[in-house]
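Asks: What follows is a structure written as structure tokens; I'll ask about it next.
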């Protein structure tokens, strides 16, 4: 372990297994998705779907806990993050209102699914930051303008984590049933994805025609995508009383549980029709593999730690990571997580920034009784993630880093020009927040502040924030003119919570956050 890590305060990790479980009432079944046919060939009239949700019993769908109260910023760092959010929101409102993403330099917008991604992704961030005026205006747009009848294909995974998750989180934090009605409408339109021979969902669906299909570029779905929808679909069932959503998504997890793996590790592609992994595909904790492992743990937590196979699969996978994917650099002995190519035959010393979610997930697992040595792995990997920022003059991490494991003449970290972009991603600050909440170690706050200052210096523009193409030069950052929705939905949210005086204001004992940082309640089963 590095000297810096050794100097850090000893982690005092609470174990919540003996504490009372958070109880959230599971309401009686009420079918809000009765229009879904068993045949994927049937086209359902949009008006019929919309009308079915007008009949929802608001009282039955009322959360058992009431509106969550947040206090707003309490210190200089939190106020700085709120100011950053306000600056980004102003640009979005002026030039991209109701659209998916802001292009702050050209003063226009980019639509991916035409679902107001940035606005919906940011709803719970505004609630947590106590930005009441912003929230009220955004809520009004959702109520009047968010419709799902456009004849446009959408990605099941992306729409689930961003829009469905955002609506459900806003519902639980605000106690506003309108968000649940929208979520039920959307969830119903996503269900045709599961009408496959195996139950493993197709990747895409047209929200108007309800025709689902594999991606246009491949016969297979991404493993992480089909296994990173369960938190949201389960919560939708628990909130509406309709079991269909949870049943469809949970079936995928149980199916993947039965498949043969490599020391618990999964290939990154799976076929929806056969239900089998693609042979010889890459094994990684980065893109297309990452959140499979995250949702094993988080589903187990969400269901009150009652589904044993989720815990077993998670433990087997982390053991596999330690056995097959963990390596150290030649000079400074930095610990990193690499990849296996050709179905596990060849090791590649490459780590995506996406993999920096893992320290937080590991720490969360330890808090819930997983092996304590997982925290050692979490701390060392988080330090390496920090180094991918500190290594560059912008103090921003690239999308992908390569690590030197055998050549004393080369630096420990190498970044290709094509991988040097920064998309304002949240994974590192996500792990910082989780580690800070669990341990109370303020070093994590200081690391996060360094990252925030770098965002302010190198990505802030007149009308918002932009991804950049080159973290290796302060003079030629090559702005990409796009502000991803997750910058407001995740990155700024995590930074705000990280800098809080009350590190438990959004408690990990009460909520489990989905892959897009949307808090969902923990149930008893």
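In the UniProt record's numbering, the protein residues as written are 1 to 525. Quick reminder that beta carbons are idealized off the backbone N, C-alpha and C, glycines included. As the structure is a computational prediction, the values presented were derived from the model and not from experiment.
Would you report the Cα separation of residue 456 and residue 79, rounded to the nearest angstrom?
Replies: 14 Å
Asks: Pick from 289, 217, 373 and 256: whose alpha carbon is nearest that of residue 224?
Replies: 289
Asks: How would you label residue 72, buried or exposed, when you count the other beta carbons within 10 angstroms and need 16 or more for buried?
Replies: exposed
Asks: If you drop the 5 nearest sequence neighbours on each side, which residues of the same chain put their C-beta closer than 6 Å to that of residue 397?
Replies: Cβ neighbours of residue 397 within its own chain (closer than 6 Å, five residues either side excluded): 353, 388 and 389.
Asks: Quick one: measure Cβ to Cβ for residue 239 and residue 340, integer angstroms, because I've assumed they're closer than 8 Å.
Replies: No, residue 239 and residue 340 are not in contact; Cβ-Cβ is about 39 Å, not under 8 Å.
Asks: Which whole-angstrom value is the C-beta distance of residue 272 and residue 296, which I expect to be below 8 Å?
Replies: That pair is no contact at about 20 Å.
Asks: Kindly identify the DSSP beta-bridge partner or partners of residue 340.
Replies: 283 and 347
Asks: Locate the beta strand (DSSP E) running through residue 108, then write down its first and last residues.
Replies: Run containing residue 108: 108 to 110, per the beta strand (DSSP E) assignment.
Asks: Between 166, 116 and 160, which has its C-alpha nearest residue 147's C-alpha?
Replies: 116
Asks: Taking residue 400 as part of the alpha helix (DSSP H), name the residues at either end of that continuous run.
Replies: It is not in any alpha helix (DSSP H) - residue 400 instead sits in the beta strand (DSSP E) that spans 400 to 403.
Asks: Can you tell me whether residue 124 is buried or exposed, with buried defined as 16 or more other CB within 10 angstroms of its CB?
Replies: Within 10 angstroms of the beta-carbon of residue 124 lie 16 or more other beta-carbons, which makes it buried.
Asks: Which value, in whole angstroms, describes the spacing of the CA atoms of residue 361 and residue 298?
Replies: Near 8 Å, if we compare the C-alpha coordinates of residue 298 and residue 361.
Asks: How many Å lie between residue 436 and residue 495 at the Cα?
Replies: Each residue's Cα considered, the two are about 11 Å apart.
Asks: Am I right that residue 477 and residue 469 are in contact with their C-beta atoms under 8 Å? What's the rounded C-beta distance?
Replies: 7 Å
Asks: Pull the bridge partners of residue 464 from the DSSP assignment, please.
Replies: 461
Asks: Quick one: what's got a C-beta closer than 7 Å to residue 248's C-beta in the same chain, skipping five residues either side?
Replies: Within the same chain, and ignoring the five residues on either side of residue 248 in sequence, the residues whose Cβ sits closer than 7 Å to its Cβ are 191, 194 and 233.
Asks: With a threshold of 8 Å on Cβ separation, who are the neighbours of residue 498 within its own chain once the five nearest residues in sequence on each side are excluded?
Replies: 429, 432, 433, 436, 444, 445 and 448
Asks: Using only the alpha-carbon positions, how far apart do residue 524 and residue 138 sit?
Replies: Their backbone Cα atoms lie some 32 Å apart in a straight line.
Asks: Compute the Euclidean distance between the alpha carbons of residue 107 and residue 462, then round it to the nearest angstrom.
Replies: When the Cα atoms are used, residue 107 and residue 462 turn out to be separated by approximately 10 Å.
Asks: Give me, in chain order, the residues of the same chain whose beta-carbon lies closer than 7 Å to that of residue 281; leave out the 5 immediate sequence neighbours on both sides.
Replies: 267, 268, 269 and 343
Asks: Mind reading off the beta-carbon distance from residue 162 to residue 200? Whole number of angstroms is fine, and I expect it under 8 Å.
Replies: The Cβ separation is near 21 Å, so there is no contact.
Asks: Suppose the cutoff is 6 Å on Cβ atoms and the five residues either side in sequence are ignored; what does the same chain contact list for residue 359 look like?
Replies: 378, 381, 382 and 431
Asks: Determine the burial state of residue 394: buried for a count of at least 16 other Cβ atoms within 10 Å of its Cβ, exposed for fewer.
Replies: For residue 394, the number of other beta carbons within 10 angstroms of its own is at least 16, and it is reported as buried.
Asks: How many angstroms separate the CA atom of residue 184 from the CA atom of residue 310?
Replies: Taken atom to atom, the span from the alpha-carbon of residue 184 to that of residue 310 is near 26 Å.
Asks: Quick one: using the 10 Å Cβ neighbour count with 16 as the cut-off for buried, is residue 442 buried or exposed?
Replies: Counting Cβ neighbours within 10 Å, residue 442 comes out exposed, since fewer than 16 surround it.
Asks: Reducing DSSP to helix, strand and coil, say where residue 422 ends up.
Replies: In the structure shown, the three-state DSSP call for residue 422 is strand.
Asks: Can you tell me where the beta strand (DSSP E) with residue 206 in it begins and where it stops?
Replies: 204 to 206
Asks: With distances taken from CA atoms, which of 213, 219 and 304 is nearest residue 510?
Replies: 304
Asks: Rounded C-beta distance between residue 505 and residue 426? I'm assuming under 8 Å.
Replies: With 8 Å as the limit, residue 505 and residue 426 do not qualify as a contact, their Cβ atoms being about 18 Å apart.
Asks: When the Cα of residue 250 is compared with those of 488, 236 and 450, which residue comes out closest?
Replies: Taking only the C-alpha atoms, the option nearest residue 250 is 236.
Asks: Go through the region 97 to 165 residue by residue and report every complete run of the beta strand (DSSP E) that reaches 3 residues or more, in order.
Replies: 101 to 103, 108 to 110 and 153 to 155
Asks: Hey, out of 74, 334 and 261, whose CA is closest to residue 319's CA?
Replies: 261
Asks: DSSP state of residue 192, grouped into three classes?
Replies: helix
Asks: Starting from residue 233 and walking both ways along the alpha helix (DSSP H), at which residues does that stretch end?
Replies: 230 to 240
Asks: Of the residues 492, 205, 101 and 308, which one's Cα is nearest the Cα of residue 157?
Replies: For the residues 492, 205, 101 and 308, the minimum Cα distance to residue 157 belongs to 205.
Asks: According to the neighbour-count rule (16 or more other Cβ atoms, all chains shown, within 10 Å of its Cβ), is residue 55 buried or exposed?
Replies: For residue 55, the pLDDT reaches just 38, beneath the cut-off of 50, and the residue's location in the model is therefore unreliable, leaving the point undetermined.
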